[in-house]
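One structure is given below, encoded as structure tokens.
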Amino acid sequence: MSLTDPTILVIEDEPSQVELLRYNLSRQGFGVRVAMDGEDGLQQAIEDPPDLILLDWMLPTLSGIEICRQLRRNKATREVPVIMLTARSEETDKVRGLDIGADDYITKPYSIKELIARVRAALRRPAASVTENKLVLGAIEVDLQRHIVLCGGTSVDTSPTEFRLLVTLLQSPQRVFSRQQLLDMVWGITADLDTRTVDVHIGRLRRVLACAGCQNQIRTIRGFGYAMEVSQQTRRPNSTS
Ligand code: CA
-8 MSLTDPTILV IEDEPSQVEL LRYNLSRQGF GVRVAMDGED GLQQAIEDPP DLILLDWMLP
52 TLSGIEICRQ LRRNKATREV PVIMLTARSE ETDKVRGLDI GADDYITKPY SIKELIARVR
112 AALRRPAASV TENKLVLGAI EVDLQRHIVL CGGTSVDTSP TEFRLLVTLL QSPQRVFSRQ
172 QLLDMVWGIT ADLDTRTVDV HIGRLRRVLA CAGCQNQIRT IRGFGYAMEV SQQTRRPNST
232 S
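The numbering of the sequence shown is my numbering, which starts it at -8 and goes up by one.
Here you go:
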């Protein structure tokens, strides 16, 4: 195994599941670390962040849901992809509805082939680069300090809310955010705000980005929410080609 092989932290309390995952992930060339209870899992993740976390829902000492929430709050683990393992499809729905910030959900019993495919997909998700308070993804450039958005070099006018919305989406490209999650993260309040508020602001953000030549950057996930696409075909609006 080379040093560049991605490491996966498996947080799962059932020994047979742990062995199944350890065997199959190792065979695929992944480094595998295991925690068999919640608190140990969270501690391991924060002390030495892995490239991806496979997280069981029902765990001793700390539930998968609580772990996921804490991982998202912690600077060291905020960007680590998390795939939740849940026992039944109804539980998957329930966990999904909780908006805890997992990247993907797999229902037990799962096929190893499918699990490996989902792991690879989550690992391929690109990160926007942050340098000197600048966030860059494709043609979009955000100056976090001066609150300036450039799209293909053109300055884009955003409200403070739209700015926060854009930054939230840009920080995790291709990650699917539910409307409720965006309300929590951007507006910071959950009560008394309709999730349609998010749709309205996404709509305006899309229009200003499109005007500056960045079309189809924000994808709608029907009945759920939004994700920032990584588009190759952004163009400069002033370009004649
Ligand atoms: Ca369990």
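Just so it is clear, CB atoms sit at the ideal spot from N, CA and C, and this is done for glycine as well.
- request: Decide if A130 is buried, meaning its Cβ has at least 16 other Cβ atoms within 10 Å, or exposed.
  value: buried
- request: Specify the secondary structure class of S7 as computed by DSSP and reduced to three states.
  value: helix
message: Please classify G144 as buried or exposed, where buried requires at least 16 other C-beta atoms within 10 Å of its C-beta.
response: exposed
query: Going by other Cβ atoms of all chains shown within 10 Å of its Cβ, with 16 needed for buried, is I74 buried or exposed?
result: buried
- prompt: Would you say the beta carbon of M27 comes nearer than 6 Å to a heavy atom of ligand 1?
  reply: no
query: Could you give the residue range of the beta strand (DSSP E) that holds G216?
result: 216 to 219
- request: Give the DSSP bridge partners of L246, in chain order.
  value: Absent from the model: residue 246. The displayed extent of the chain is -8 to 232, so no value can be given.
- prompt: Counting by C-beta, which residues lie closer than 6 Å to a heavy atom of ligand 1, in chain order?
  reply: D4, E5, D47, M49, L50
Beta-carbon gap between P(-3) and D42 smaller than 7 Å: yes
For N15 and I103, the rounded distance between their alpha carbons: 7 Å
- request: May I have a chain-ordered list of the beta strand (DSSP E) segments no shorter than 3 residues that lie completely inside the region 93 to 152?
  value: 95 to 98, 120 to 122, 125 to 128, 131 to 134, 139 to 142, 145 to 147
query: Would T231 be called buried (16 or more neighbouring beta carbons within 10 Å of its own) or exposed?
result: Residue placement at T231 cannot be trusted, given a pLDDT of 38 that sits under 50; what the coordinates show is reported in the next sentence. Classification of T231: exposed, given that the 10 Å Cβ count is below 16.
field: Inter-residue Cα distance where the pair is A218 and L76
entry: 22 Å
message: According to DSSP, simplified to helix, strand and coil, what is T211?
response: strand
message: According to DSSP, simplified to helix, strand and coil, what is S163?
response: coil
- prompt: Using the beta-carbon count (16 or more within 10 Å), is E105 buried or exposed?
  reply: exposed
message: Let me check you understand the geometry: is the CB of G32 closer than 6 Å to at least one non-hydrogen atom of ligand 2?
response: Because ligand 2 does not appear in the structure shown, any question about it cannot be addressed here, the ligands present being ligand 1.
message: Please return the same chain residues whose Cβ sits closer than 7 Å to the Cβ of A112, not counting the five positions on each side in sequence.
response: none
- prompt: Buried or exposed: Y96, going by 16 or more other Cβ atoms within 10 Å of its Cβ?
  reply: buried
field: For G22, the nearest candidate out of Q35, D31, L11, L0 (CA to CA)
entry: L0
task: Have a look at E5 and E30 and give me their C-alpha separation to the nearest angstrom.
output: 15 Å
message: Let me make sure I understand the geometry here. Which of L141, R64, L114 has the alpha-carbon closest to that of L126?
response: L141
- request: Alpha carbon to alpha carbon, how far is S7 from V189? Give it in angstroms, no decimals.
  value: 43 Å
- request: Report, in whole angstroms, the separation of the C-beta atoms of L196 and I209, which I expect to be a contact under 8 Å.
  value: 7 Å
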